Amino acid sequence: MHGGVVAGFAESAATLHLIEAIGGAKFPKCIDFSIDYLRSGRPEDTYASCEIVRLGARVALVQVRCWQGKGPDQPITVARGNFLLTEANP
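Just so you know, this note's numbering puts the end of the sequence shown at 641, numbered straight through with nothing missing.
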């Protein structure tokens, strides 16, 4: 699996997790996203778990772990994303 696909999946997972966590009150815009490729991704189901490391009034830091069939203890990537939290339009 191409690294760009995995990176896009991880960034989307982080954004959606953050939107759900803050209840849609603010909209996250990605400032910076860094990813560490630990194993090669294969063409099979890929999963992600996200953890909000810091949630402030203006910025948030989210860590993402992506894995495939062997489970979350053997991730294929680990990523960190910094997001700017902007006011959501009504």
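Think of the CB as a built atom: it goes at the ideal place given N, C-alpha and C, for glycine as much as any other residue.
Note that the coordinates shown come from a computational prediction; the quantities given were computed from them, not determined experimentally.
(message) Among Leu567, Ala611, Val629 and Leu612, whose alpha-carbon lies nearest the alpha-carbon of Gln619?
(response) Val629
(request) With DSSP as the reference, please indicate the residues paired to Ser600 in a beta bridge. (result) Arg616
(request) List the whole-angstrom C-beta distance separating Gly632 from Ala576, where the pair is believed to meet the contact cut-off of C-beta under 8 Å. (result) No, Gly632 and Ala576 are not in contact; Cβ-Cβ is about 19 Å, not under 8 Å.
(request) Round the Cβ separation of Leu635 and Ile582 to the nearest angstrom and send it over; I've been treating them as touching at under 8 Å. (result) 5 Å
(request) Spatial neighbours of Asp624 within its chain, please: CB distance less than 6 Å, with the 5 preceding and 5 following residues excluded, ordered by chain position. (result) none
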